[in-house]
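Inspection log for the structure reproduced underneath, given as structure tokens.
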Amino acid sequence: MKALSLHPYYATLIAAGEKHIEYRSWSTPYRGLLLICASQYNDGPQFPRGYALCIVNLVHITGGNRKYAWHFDPEVVPIAPFPVKGKIHLFDVPDEKITVLYETGTDHFIDFDTAYSLWIDEGICRDVE
-11 MKALSLHPYY
-1 ATLIAAGEKH
9 IEYRSWSTPY
19 RGLLLICASQ
29 YNDGPQFPRG
39 YALCIVNLVH
49 ITGGNRKYAW
59 HFDPEVVPIA
69 PFPVKGKIHL
79 FDVPDEKITV
89 LYETGTDHFI
99 DFDTAYSLWI
109 DEGICRDVE
């Protein structure tokens, strides 16, 4: 799957369904599913670093001249977080590393506090300070 690495704060907002547009200085012809990963950047101890957090659908990109708005579908697919070494621009992560917690469009729902508890309190993201 194609993946995008972001600062942990923004990756967490996307995983929580609170952020649907990501601004980049570059565009891509790619449209479709993207694995959202938190980079190693230290946004604070409350944000997981170096982990894949969710899957979103990149539906379109607007703008130009090094100011591009990447628009994600509001539905976020939650996954079991796992360590990822991020890269600049889009990169590939093997599909077999990804475990979807539930399919979107179902009656199952995991709220942000529960997800945060899984990531931090339960130790799924063990490297968080």
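Numbering-wise (the working numbering), the sequence shown opens with residue -11 and increments by one. Note that the Cβ used here is the ideal one computed from N, Cα and C, for glycine as well. Here the structure is a predicted model, which is why all the values come from computation and not from measurement.
Taking only the alpha-carbon atoms, compute the straight-line gap between residue i and residue j and give it to the nearest angstrom.
i	j	result
Q34	F70	17 Å
Y90	A3	14 Å
L36	A26	For the record, residue 36 in the displayed sequence is Pro; it is not Leu. So the alpha carbons of these two residues sit roughly 7 Å apart.
E84	M(-11)	10 Å
G74	D31	15 Å
Y18	E6	23 Å
D61	H77	20 Å
I86	Y56	28 Å
H96	V88	The pLDDT assigned to H96 is 48, lower than 50, so where the model puts this residue is not dependable; a value taken from the coordinates is nonetheless given after this. Those two C-alpha atoms are separated by around 12 Å.
V72	V81	8 Å
Sorted by chain position, which residues of the same chain lie with C-beta nearer than 8 Å to residue i's C-beta, five sequence neighbours on each side aside?
i	result
R54	S13 and W14
G20	K(-10), N45 and L46
Looking only at its own chain, which residues have a Cβ that is under 7 Å from the Cβ of residue i, when we skip the five neighbours before and after it?
i	result
W58	I9, E10, R12, L46 and I49
H(-5)	S27, Y29 and D31
C42	I2, A3, I24, V64, V65, P66 and I67
A(-1)	I24, C25, A26 and L41
S(-7)	C25, S27, G74 and K75
F79	A(-9)
Y(-3)	D31 and F35
V116	Confidence at V116 is low in this model, with a pLDDT of 45, below 50, so its placement is unreliable and no value can be given for it.
Could you work out which residue in the options is closest to residue i when comparing CA atoms only?
i	options	result
G51	T16, H77 and P62	T16
Spatial neighbours of residue i within its chain, please: CB distance less than 6 Å, with the 5 preceding and 5 following residues excluded, ordered by chain position.
i	result
L22	K(-10), L(-8), V44 and L46
Quiz item: Enumerated in chain order, which unbroken segments of the beta strand (DSSP E) with a length of 3 residues or greater are wholly contained in the stretch 34 to 93?
Solution: Listed in chain order, the complete beta strand (DSSP E) runs (minimum 3 residues) inside the stretch 34 to 93 are 39 to 52, 55 to 60 and 65 to 71.
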